[in-house]
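Okay, structure first, notes after.
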Amino acid sequence: MIRVEQVSFAYVGHPELFHNISFSLERGELVALIGPNGSGKSTLALLLNGLFQPSTGIVVIDDMDAANPEHNRDIRRRVGVVFQNPEEQIVADTVEEEIAFGLELLNKPREDMFNRVANLLDEFHLRSLSQRNPEELSGGEKQRLTLAATLATGAEYLVFDEPTALLDWQGRQDLLHALKDLRRGMGILFITPYLEEVDFADRLLYLDNGTLREIPKQDRKRFCRALENEN
Numbered sequence: 001m002i003r004v005e006q007v008s009f010a011y012v013g014h015p016e017l018f019h020n021i022s023f024s025l026e027r028g029e030l031v032a033l034i035g036p037n038g039s040g041k042s043t044l045a046l047l048l049n050g051l052f053q054p055s056t057g058i059v060v061i062d063d064m065d066a067a068n069p070e071h072n073r074d075i076r077r078r079v080g081v082v083f084q085n086p087e088e089q090i091v092a093d094t095v096e097e098e099i100a101f102g103l104e105l106l107n108k109p110r111e112d113m114f115n116r117v118a119n120l121l122d123e124f125h126l127r128s129l130s131q132r133n134p135e136e137l138s139g140g141e142k143q144r145l146t147l148a149a150t151l152a153t154g155a156e157y158l159v160f161d162e163p164t165a166l167l168d169w170q171g172r173q174d175l176l177h178a179l180k181d182l183r184r185g186m187g188i189l190f191i192t193p194y195l196e197e198v199d200f201a202d203r204l205l206y207l208d209n210g211t212l213r214e215i216p217k218q219d220r221k222r223f224c225r226a227l228e229n230e231n
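Numbering-wise, the sequence shown is residues 1 to 231 according to our numbering.
In structure tokens:
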């Protein structure tokens, strides 16, 4: 479980972005997070794998305090982050090498690496693209590649920071379909600007004006309609 307990955060020289927020994320659960631009959603995403540290409060991943530098390596392996622009995460020259990159850093045995890469190429329908340069892929293909590379090293939680924002309709559908399959056994936090993408989430969180609240399932559709009318 990931636990966020009474967390506040402020960038240096700026007022608090959010104050005393708390929530949890369990394996097998998909939680959607929405909120206006600038509310702190992306910052919260980076707190969950230790890239940022809270001003106050604690973030705990499977009983490991994310503020403890001794846990950095293990936490960043367990909590994978997929950003809005996949090009910011891709480092290799071919699809196959991109998926293998993290495994090489972990010094995995060659046979294990080969099998893992092969399985992920099939799972994310990238087999025919394995020798292609990632720059040649479509937006949806790049996002699937980023997801496969994140999972390669054994991530147990996934944090998606508006991963469908730059995709066309088909790319969005492909990624959402992959998410529905991944939720079994993994904890997923899905940040999205599209209210229609929260329907399949187990829980819905709303971040605004420095506070975080959970929207009950019975109120979800009415709440989303109200937000759409405001915009």
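Glycine included, each C-beta is placed from N, C-alpha and C at the ideal position. Quick caveat: nothing in here was measured; it's all calculated off a predicted structure.
Check                                                                                                                                            : Outcome
Less than 7 Å between the C-beta atoms of Val82 and Phe160, yes or no?                                                                           : yes
Residues bridged to Gly80 by DSSP?                                                                                                               : Leu158
Return the first residue and the last residue of the beta strand (DSSP E) that Ile99 is part of.                                                 : No beta strand (DSSP E) contains Ile99, which is instead part of the alpha helix (DSSP H) from Val95 to Leu105.
Contact check, Leu204 vs Glu214 under 8 Å by CB: the rounded distance?                                                                           : 7 Å
Whose C-alpha, out of Leu126, Gln143 and Met64, is nearest the C-alpha of Pro86?                                                                 : Gln143
When DSSP builds the beta bridges, which residues end up paired with Phe23?                                                                      : Val4
Helix, strand or coil for Phe200, going by three-state DSSP, please let me know.                                                                 : coil
For Ile99 and Ala178, which I take to be in contact (beta-carbon distance under 8 Å), what is that distance rounded to the nearest angstrom?     : 15 Å between Cβ atoms; not a contact.
Would you tell me roughly how many angstroms separate the C-alpha atoms of Leu25 and Pro216, rounded to the nearest one?                         : 16 Å
Here's the rule I'm using: 16 or more other beta-carbon atoms within 10 Å means buried, otherwise exposed. How should Asn68 be labelled?         : exposed
For the region 3-23 and the region 37-44, state whether three or more C-beta atom pairs, one from each stretch, are separated by less than 8 Å.  : yes
With a threshold of 16 other CB atoms inside 10 Å of the CB of Gly187, please say whether the residue is buried or exposed.                      : buried
Who are the Cβ neighbours of Thr94 in its own chain at under 6 Å, not counting the five residues just before and after it?                       : Gln131
Out of Ile90, Asn119 and Leu30, which has the shortest C-alpha to C-alpha gap to Phe190?                                                         : Leu30
If you drop the 5 nearest sequence neighbours on each side, which residues of the same chain put their C-beta closer than 7 Å to that of Leu147? : Val82, Phe124 and Ala178
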